[in-house]
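Just so we're aligned, residue 19 is where the sequence shown starts under my numbering, counting upward by one.
Every residue gets a Cβ at the ideal spot worked out from N, C-alpha and C, and that includes glycine.
All figures in this text were calculated on a predicted structure; none of them were measured in a lab.
Down below is the structure, laid out as structure tokens.
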Amino acid sequence: MHIIQAHAIGFNKIIISSNDPSNFSIGNISIKNGTNPLSINSYTTTIENSFLIFLDREISIKFYCFIIYEGLQIKVSYKNLFTTEEFNNKFYYNGSLGLSYTKESSTFKVWSPAATSILVMLYKNGDPSTYEIPLELIMNEEDNGVWTITINEDLDNYFYTYKVTVYDSINEVVDPYAKAVGINGLRGAIVDINILNPDGWEEDISPALNHYTDAIIYETSIRDISMHPSSGVIHSGKYLGLTEEATLYNKSITTALSHIKELGITHLQIMPFYDFSYKSIDEKNSTEYNWGYDPQNYNVPEGSFSLNPYDPKCRILELKKMINTLHYNNISVNMDVVYNHVFHKNDNNFEKLFPGYYFRLKNDGSFANGSGCGNDTASEHKMMRKFIVDSVCYWAKEYHIDGFRFDLMGIHDICTMNSIYKSLSRINRKIMIYGEGWNLDTPLPHNIKAIQSNSFKMPNIGFFNDTIRDSIRGNVFSLSDKGFVSGKESLEDTMKFCVMACTISSNRFKAIYASPEQSINYVSCHDNNTLWDKLEISNLKDSIEDKKYMQKFANGIILTSQGVPFLHSGVEFCRTKEGIENSFSSPDSINSINYSRKADFIDIFNYYKGLIKIRKEHPAFRMYSAEHIKEHIEFLKELPKNTVAFILKNNANGDLWTNILIIYNANKFSTTINVPYNRWNLVANKYSAGTDIISIFESNKITVDSLCLNIFYCN
Ligand code: CA
């Protein structure tokens, strides 16, 4: 018995591997491509256990290919063929795909070189549960696998799908390039996207950004930020909820948009708002909760956040109105995108259009599972890469999106991430690109994975910095683990490395990033416990007062470190999710932002607000190159244990303050440190933070309180 794998590596080349090559008789195999036999012209033995065979003619990928040997029938995998230049020369298509609509005509274009027939199905209704016989129109295939049809009529308000015959199955799919859909995203909708703009959209301008380090990112969800009754928002949990101004809790506590404005952040990172699966949230009755990390239609806004998900235009207009309002308030919008996997491959439009192409397969033919969802997408395949690039560019141009946060970016390849940067740069404004560069178990060579350890090959891409996260708060995977602010000792050197955005190598540390623009500094995000819940678990015996100081201190370090600060919504008033680490489908009672808690922890909110003000007004905290950091940061030496002190010196990054002294004291007692003699103006201590001077120290010794940070400056 021979175990055989067969991989096409060209249209007329197949590699066959056997576990018993000495007894393997290549003369005994036959090859079929669909019903057509293929003959072997010649073969060579290549690497161990493998034979490279040359066929007499080319394989047609419209049919599966099988090796028949000693009664076995082995399917030839095309996955390696799909990465060859030969394949790309023949089938890669660089033009626009999807629907081009005008009043006079509609042209549909869809790519599937594997399909043997594609029809456009036109419907009057967007809901498949309403019985209707569609109009079926035959599309024509061009040489490169693009199927196209132009219909010279005004199809406005129709819905459409494609009926694809591929490898003996007939699938009805939604156009992956669809820009609008009906209820639950099950049919594409034909709309004139060019006129679907709210009032004021023509004047909509994104706030300018010079460097990623000028951003202060705040992560929230459209639903969470306004769902709680305490928000006082009328359109709670909807796109329009973030357009309501001057909303208050208890007559004086700002909520939702007004809360975000008051805090002073610059970039709102919004959890998924592309159309996610109707199996997670039924748009007809969206009482269930889901974060939405299960993409369905990548280029369409989610329907459950709109007032009328049946009307394809509604979600588009309302999302644009939300973005317009945020921009008007000088807040940029970063979109959380999940191109690494889909809801389920079998339900997915890509897989139904061209099976085996858009998803990454292992050598044994099974689907790669680095994402944990069983269907990693194959960004290394050029048409998948093109889709991702086209999609982000579409969002940036059509919806004026200002940044993209890539979920599990480590599933993607470096070339894809750099292509995204290149294409977004052509839009002519600074657009942020960053993501989770975790090294996941997906079958992609290590040297081409978009992971943190390859950050130097992606100089314009940011990475969530888990070193600073775990050093400050403790490991996210070990509940009891503590960090610098919560009582773990011997972290002084690590904190120094982190303060410099992990960009400066030393005897102990090797730089993780080439530039501080690459370091997304955070202690908590939607994943894992909230900072407050983590402290409740790891510091059970500490008083609530001490935990509040730790809460201030933790993001105090984030906001005074070099790099790009990132705050998780509600961390500014000790948000709790009742210890639920993964609340992706927990009810609103767990996930929504409760503003009565803001009233309870208003001191924390005001502290964060003060630090944000300092950071925004003082470029010394926002240096954008490792060289600048090296030149302008000086750590004080011979300090007591569990303290870190440094000076941002000589008007760093053009700062008006000549020297800024920052002291972190993680001890539970006050401590005195030696500082260069000067007239030091204190602007942040354990209790308050801002740009006003709290007190003045003219001394070479400074005593600071326990569990806090202090900021001084001198001119
Ligand atoms: Ca949906």
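In this chain, residue 456 is not harboured by any alpha helix (DSSP H), its DSSP state being neither H nor E.
Not one heavy atom of ligand 1 is found less than 7 Å from the C-beta of residue 334. Burial state of residue 694 is exposed, judged by a 10 Å Cβ sphere holding fewer than 16 other Cβ atoms. In this structure the segment 464-475 does not lie against the segment 621-631, because fewer than three pairs of beta carbons, one per stretch, are closer than 8 Å. The shortest CA-to-CA distance from residue 619 to any of 566, 597, 609 is the one to 566. Cβ neighbours of residue 550 within its own chain (closer than 8 Å, five residues either side excluded): 565, 569, 589, 592, 593, 594.
Exposed is the label assigned to residue 558, since fewer than 16 other Cβ atoms lie within 10 Å of its Cβ.
Taking C-alpha positions only, residue 721 is separated from residue 715 by approximately 10 Å. With a beta-carbon spacing of about 5 Å, residue 578 and residue 680 fall inside the 8 Å limit used to define contacts. Under a 10 Å Cβ-count criterion, residue 315 is classified as buried, with 16 or more other Cβ atoms of the shown protein chains found around its own Cβ. Within the same chain, Cβ atoms closer than 6 Å to the Cβ of residue 239 are found at 289, the five residues on either side in sequence being excluded.
A distance criterion of 7 Å places the beta-carbon of residue 299 in contact range of ligand 1, judged by its closest non-hydrogen atom.
Per DSSP, the unbroken alpha helix (DSSP H) holding residue 550 starts and ends at 549-556.
Going by beta carbons, residue 344 and residue 336 fall outside the 8 Å limit. Excluding the 5 residues flanking it on each side, residue 35 has same chain C-beta neighbours closer than 6 Å at 23, 67, 68, in chain order. Across the set 175, 490, 33, 512, the C-alpha of 175 shows the shortest separation from the C-alpha of residue 331. For residue 413, the enclosing alpha helix (DSSP H) begins and ends at 400-416. Between residue 602 and residue 352, the gap from beta carbon to beta carbon reaches 8 Å or more. Residue 632 and residue 280 have their alpha carbons spaced roughly 14 Å apart. For residue 237, the uninterrupted beta strand (DSSP E) segment begins and ends at 235-238. Using a C-beta cut-off of 8 Å, the segment 151-163 makes contact with the segment 118-134, since at least three inter-stretch Cβ pairs fall below that distance. The closest heavy atom of ligand 1 lies less than 7 Å from the beta carbon of residue 296. In the three-state reduction of the DSSP assignment, residue 272 falls in the strand class.
A contact is defined here as three or more CB-CB pairs under 8 Å, and the segment 501-517 meets this definition with respect to the segment 644-662. For residue 245, DSSP assigns no beta-bridge partner whatsoever. Residue 300 places its beta carbon 8 Å or farther from that of residue 170.
For residue 202, the distance from the CB to the nearest heavy atom of ligand 1 is below 7 Å.
Excluding sequence positions up to five before and after residue 56, its CB lies within less than 8 Å of the CB of 49, 50, 73, 74, 75, 77, 83, all in the same chain and listed in chain order.
Annotation note: the segment 582-639 contains the following uninterrupted beta strand (DSSP E) runs of length 3 or greater, listed N- to C-terminal: 582-586. Taken through DSSP and simplified to helix, strand or coil, residue 543 comes out as coil. In terms of Cβ geometry, residue 109 and residue 166 do not form a close pair [threshold 8 Å]. Rounded to whole angstroms, residue 244 and residue 312 show a C-alpha spacing of 22 Å.
In the displayed model, residue 75 falls within coil according to three-state DSSP, outside both helix and strand. Note that the segment 383-393 does not touch the segment 414-424; fewer than 3 beta-carbon pairs, one per stretch, sit closer than 8 Å.
Within the model, the alpha-carbon separation for residue 378 versus residue 188 is close to 23 Å. Going by C-alpha positions, residue 436 is about 30 Å away from residue 526.
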